[in-house]
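In what follows, a structure is listed as structure tokens, so that the remarks can point back to it.
Number of protein chains: 2
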Amino acid sequence: MKLLEERIRKDGTVKAGNVLKVDSFLNHQMDIDLFNEMGKEWAHLFADCPITKILTVEASGIGIACVVAQHFHVPVVFAKKTQSLNIDGEVYSTKIQSFTHKKVYDVIVSKKFITPEDHILIIDDFLANGCALEGLLEIVGEAGATVEGIGIAVEKGFQKGGDLIRSKGIRLESLAIVESMDAETGEIVFR
Amino acid sequence: MKLLEERIRKDGTVKAGNVLKVDSFLNHQMDIDLFNEMGKEWAHLFADCPITKILTVEASGIGIACVVAQHFHVPVVFAKKTQSLNIDGEVYSTKIQSFTHKKVYDVIVSKKFITPEDHILIIDDFLANGCALEGLLEIVGEAGATVEGIGIAVEKGFQKGGDLIRSKGIRLESLAIVESMDAETGEIVFR
Chain Z
10 MKLLEERIRK DGTVKAGNVL KVDSFLNHQM DIDLFNEMGK EWAHLFADCP
60 ITKILTVEAS GIGIACVVAQ HFHVPVVFAK KTQSLNIDGE VYSTKIQSFT
110 HKKVYDVIVS KKFITPEDHI LIIDDFLANG CALEGLLEIV GEAGATVEGI
160 GIAVEKGFQK GGDLIRSKGI RLESLAIVES MDAETGEIVF R
Chain W
10 MKLLEERIRK DGTVKAGNVL KVDSFLNHQM DIDLFNEMGK EWAHLFADCP
60 ITKILTVEAS GIGIACVVAQ HFHVPVVFAK KTQSLNIDGE VYSTKIQSFT
110 HKKVYDVIVS KKFITPEDHI LIIDDFLANG CALEGLLEIV GEAGATVEGI
160 GIAVEKGFQK GGDLIRSKGI RLESLAIVES MDAETGEIVF R
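Here the protein sequences come in this chain order: Z and W. The working numbering puts the last residue of the first sequence at 200; the count rises by one with no breaks. The working numbering puts the last residue of the second sequence at 200; the count rises by one with no breaks.
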């Protein structure tokens, strides 16, 4: 998606350790008009899928998922990190290792909100090693629901997550795939 | 706001320990159409305020804030819990005690995203003891920005947060104020 690639080039910053900072428009400060354009793009790409619900994981996926959901006319469910006292009854749970935070989180989704009848579109801001997506796929699998596809804003094409997901035969639509980036020159090459 | 009160009555559940569960439409599964109606209401209530940015805190405030922001045509910034390796440079930080999770969080906002020129609308899903809001107000104060007001989806009127915020002279627009609720009968009385 040209608009997103241009924005990453303009406002993204490459940091040492394979970190691409896009916090001025994607995951700390959030440009809602951009999210709507992303929603239009995914609605077009997944037009043939009978999506009933969008699933994401806290925190930085939530804003994108909620704005994007308007283009699919479905509710959003977000997987919660760590057990909340407010989640009662049964939950699906899994562990996710965060690339950014170098930590392992427990994430949970109430069983009430994903059922075998659901056709799920998973939305997230970043795809690096794919750990978050594997956790979400596990939850959807446990629920017996169908994964229609995955929409990612920024895929780091030089990390293994994209290949891992595509090798499972899951439809993955990343709106920007970074092929390589250089912390010294700041150069970003898209696939 | 009648629509929200009716929804709370219909789909909310009162639990022991002053817990009101609204996780089927507000803060785990999210009804985006409802969020848009809330956005229209706040846009009407704060129509005279020159708002430049919406501030919320992760995680459950983010979805509401992003959908609501479309009615103000401004970006959203969310305060992040705990230090992230991806936040560089200087940040505003404070500590917030969560009523729900019985924990103290460090929350941070990058100094780049709130400036003295900003007129801030704070949005969150719940107001109980007001700890989260006090943290966000502290951050806006540190930044030298102006707080135009606070929009809360559900205020627990029987806890001290609402009075605390109003006593500071800050404009607080809660779309539903629960005056009392009873875990045994399930009855919810709105102010």
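Quick reminder that beta carbons are idealized off the backbone N, C-alpha and C, glycines included.
Limits of the alpha helix (DSSP H) - the one that residue i falls within
i       : result
D172(W) : G170 to S176
F167(Z) : Segment: none, F167(Z) is in no alpha helix (DSSP H) and carries neither H nor E.
D32(W)  : Counting along the chain, D32(W) falls outside any alpha helix (DSSP H), and DSSP gives it neither H nor E.
G139(Z) : Careful: G139(Z) lies outside any alpha helix (DSSP H) and carries neither H nor E.
I71(W)  : S69 to A78
Anticipated Cβ contact below 8 Å, residue i with residue j, distance rounded
i       : j       : result
I179(Z) : L130(Z) : Contact flag wrong, Cβ pair sits at about 11 Å.
I161(W) : L145(W) : Actually they do not touch by this definition, with Cβ atoms about 12 Å apart.
E99(Z)  : L184(Z) : About 35 Å separates the two Cβ atoms, so there is no contact after all.
E67(W)  : A68(Z)  : 4 Å
M190(W) : V83(W)  : Going by Cβ atoms, the distance from M190(W) to V83(W) rounds to 34 Å, so no, they are not a contact pair.
I60(W)  : E193(W) : That belief does not hold up - the Cβ atoms of I60(W) and E193(W) are roughly 42 Å apart, past 8 Å.
Q168(Z) : C140(Z) : In fact, because the Cβ distance is near 11 Å, the residues do not count as touching under 8 Å.
D134(Z) : L13(Z)  : Not really, about 11 Å apart at Cβ, beyond 8 Å.
V80(W)  : A56(W)  : The sequence given here has His at residue 80(W), not Val. In fact, because the Cβ distance is near 10 Å, the residues do not count as touching under 8 Å.
T124(Z) : A78(Z)  : Going by Cβ atoms, the distance from T124(Z) to A78(Z) rounds to 18 Å, so no, they are not a contact pair.
Own chain, CB closer than 7 Å to residue i, minus 5 neighbours either side, in chain order
i       : result
V76(W)  : I41, F44, N45 and G48
D32(W)  : Q38
V225(Z) : Here chain Z covers residues 10 to 200 and nothing more, so residue 225(Z) does not appear.
G166(Z) : I186, V187, E188 and R200
I197(W) : I17, R18, G21, V23, V187 and M190
I174(Z) : G139, L142, I159 and L181
Same chain, Cβ closer than 8 Å to residue i, neighbours up to 5 away in sequence not counted
i       : result
I71(Z)  : T65, V85 and F87
G195(W) : T22 and V23
DSSP bridge partner residues for residue i (one or two, in chain order)
i       : result
H53(Z)  : Note: H53(Z) sits in no beta bridge, so no partner.
H128(W) : T155(W)
T22(W)  : K30(W)
K89(W)  : I117(W)
D133(Z) : I161(Z)
K11(W)  : None; K11(W) has no bridge partner.
K112(Z) : S107(Z)
M39(W)  : V85(Z)
Contacts of residue i in chain W (Cβ-Cβ under 8 Å)
i       : result
K165(Z) : Simply none; closest approach about 13 Å.
K19(Z)  : Going along chain W, no residue has its Cβ under 8 Å from K19(Z), so there is no contact; the nearest lies around 15 Å.
K89(Z)  : H37 and A68
Element boundaries [beta strand (DSSP E), containing residue i]
i       : result
I63(Z)  : K62 to V66
K104(W) : V100 to S107
I186(Z) : L181 to M190
I197(W) : I197 to F199
Residue i: contacting residues in chain Z (beta-carbon distance under 9 Å)
i       : result
D2(W)   : With chain W running from 10 to 200 in the structure shown, residue 2(W) is simply not present.
S102(W) : None at all; the shortest Cβ gap to chain Z is about 14 Å.
F55(W)  : Here the premise fails: no neighbours, minimum Cβ distance about 17 Å.
F44(W)  : C75
F122(W) : D32, S33, H37 and Q38
Cutoff 6 Å; reference residue i; Cβ partners in own chain excluding five residues on either side
i       : result
E151(Z) : Y101
L74(Z)  : Note on identity: in this sequence residue 74(Z) is Ala, with Leu being the wrong assignment. The residues are I63, T65, V85 and I132.
Y114(W) : K90 and I105
E164(W) : L136, G171, S183 and I186
Within chain W, partners of residue i - CB distance below 7 Å
i       : result
I71(Z)  : A68, I71 and G72
A162(Z) : Per Cβ cutoff of 7 Å: no residues; A162(Z) is ~14 Å from chain W at best.
Q79(Z)  : I41
Residue i: contacting residues in chain Z (beta-carbon distance under 7 Å)
i      : result
V86(W) : H37 and Q38
A25(W) : Per Cβ cutoff of 7 Å: no residues; A25(W) is ~10 Å from chain Z at best.
Q) Between the segment 175-189 of chain W and chain C, which residues of the former have CB atoms less than 8 Å from a CB of the latter, in chain order? A) The question asks about chain C, but that chain is absent: this structure's protein chains are Z and W.
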